[in-house]
Amino acid sequence: MVKLREISVPEFEETIDLEMGRFGEMKYQLPAAENASAVETEWAAPIVCSYMPLNDLLHLMSLVMLEKRVVFLSSNLALLSATL
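In our numbering, the protein residues as written are 10 to 93.
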């Protein structure tokens, strides 16, 4: 985690190389600017939706389609941040 604090903010389409100790080296290629929001949606949506019962998910989808405001509350901060 210390290494994450030491790296500068990467640009779009840049590759980040991190040494993860016993896990070895990790490389991540940031997407192009026009694809960044789509990648975020692809990663976060399945995680968030898997925690919801079907009725809640259908209700959420109807609220979104009606352009209503939706507020998420959770004690799981990782899950909550995935909804942004």
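The beta-carbon is built from N, C-alpha and C at its ideal position, and this holds for glycine as well. A quick note: this is a predicted structure, and the numbers were derived from the prediction, not measured.
Please state whether DSSP places residue i in a helix, a strand or coil.
| i | result |
| --- | --- |
| E34 | strand |
| L27 | strand |
| L41 | Going by the sequence as given, residue 41 is Ala instead of Leu. Reduced to three states, the DSSP call for A41 is coil. |
| P19 | coil |
| S71 | helix |
Could you tell me the alpha carbon to alpha carbon distance between residue i and residue j, rounded to whole angstroms?
| i | j | result |
| --- | --- | --- |
| L67 | S90 | 21 Å |
| F32 | F21 | 25 Å |
| A41 | P19 | 12 Å |
Our contact map puts residue i next to residue j with C-beta atoms below 8 Å; I'd like the distance itself, whole angstroms only.
| i | j | result |
| --- | --- | --- |
| E28 | L39 | With a Cβ gap of about 18 Å, E28 and L39 do not count as contacting. |
| Y60 | L88 | 6 Å |
| Y37 | I56 | At roughly 18 Å, the Cβ-Cβ gap does not stay under 8 Å, so Y37 and I56 are not in contact. |
| L69 | V80 | Not a contact, Cβ separation roughly 11 Å. |
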